[in-house]
Amino acid sequence: MNNETDTIGLLVGSRRKNSFNRQLASLARTMLEEKGQKVEMIEWLDVPFFSQDDEFPTPEAVQKVRDEVMGCNVIWIFSPEYNGQIPGGEKNLLDWLSRGLKPGADKSDTAVYGRKVLLTTAGGRAAGFGVRKNLSLLCKFMGMTVISSEGIALSPESWGSDDVMKTPGVKEMLEGQIDTLLG
Ligand SMILES: Cc1cc2nc3c(=O)[nH]c(=O)nc-3n(C[C@H](O)[C@H](O)[C@H](O)COP(=O)(O)O)c2cc1C
1 MNNETDTIGL LVGSRRKNSF NRQLASLART MLEEKGQKVE MIEWLDVPFF SQDDEFPTPE
61 AVQKVRDEVM GCNVIWIFSP EYNGQIPGGE KNLLDWLSRG LKPGADKSDT AVYGRKVLLT
121 TAGGRAAGFG VRKNLSLLCK FMGMTVISSE GIALSPESWG SDDVMKTPGV KEMLEGQIDT
181 LLG
């Protein structure tokens with residue numbers, strides 16, 4: 001693993017401005033900072049579509065996000081669920097992060113290998129069961145350790161207002177995950 005620190009990196013899988021999952025990440029950030037934890041938002045929206053033809057030299061936007069990930073020993077992914085799956089943009093980012101840092105590098109020489117990961121979804125009735133199952137498999141495949149996976153089914157009031165806090169239990173879910181993380 002590279003450049004390990006005690007920083008927790010928060011990564012939002014949605015591109016939507018008022019994303020429910022981004023709202024969860026913002027709340028988690030506040031809660032973690034209140035406990036004295038160092039937190040970074042990992043921004044990735046300018047990462048290009050992956051192609052093996054474009055891996056080296058590493059595109060600047062990819063290098064930037066890899067550096068941010070390598071500055072954190074824990075990554076907390078807040079992911080929407082699209083058709084039971086990982087949204088395309090987020091999967092594209094994870095494909096980039098799964099690749100070696102240098103040509104010919106082995107599987108462990110990536111930005112994500114060996115890092116701990118937490119998964120959270122705000123979504124429909126199944127609370128993101130499908131996306132979290134898929135993310136969990138993918139993260140393990142990339143050499144990460146999933147330490148927590150939780151989701152919340154948004155209330156009609158949240159869907160109607162675009163406000164995640166109108167769903168009961170949001171803060172309690174994040175508190176539980178933070179307890180798991182910090183022991
Ligand atoms: C293409 C597409 C597919 C979706 N599929 C699902 C789904 O399988 N399960 C679910 O709970 N919500 C699904 N939704 C609804 C999302 O949960 C909803 O759009 C949510 O706002 C996405 O998260 P965000 O607000 O963080 O962007 C889907 C939305 C889109 C645009």
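Just so we're aligned, residue 1 is where the sequence shown starts under UniProt numbering, counting upward by one.
Glycine included, each C-beta is placed from N, C-alpha and C at the ideal position.
Every value quoted in this text rests on a predicted model; they were computed, and no experiment measured them.
Between the alpha carbons of R132 and A25 lies a gap of roughly 16 Å. As computed with DSSP, Y82 is found in a beta bridge with Q85. Sequence-distant partners of F56 (beyond 5 residues in either direction) whose C-beta falls short of 7 Å from its own C-beta, in its chain, are P103. A Cβ closer than 5 Å to some heavy atom of ligand 1 marks a residue here, and those residues are S14, R16, S19, F20, N21, P80, E81, Y82, N83, G84, G123 and G124.
Membership of E43 in any alpha helix (DSSP H) is not indicated, and neither H nor E is assigned to it by DSSP. Here the alpha carbon of Q37 sits roughly 9 Å from the alpha carbon of R29. Contact between L32 and I8 holds, since their C-beta atoms are separated by about 6 Å, short of 8 Å.
Inter-residue distance for Q85 and C139 is about 14 Å (C-alpha atoms, whole angstroms). Checking the DSSP bridge columns, you'll see A25 has no partner listed. Here N21 is buried: its Cβ has 16 or more other Cβ atoms, across all protein chains shown, within 10 Å.
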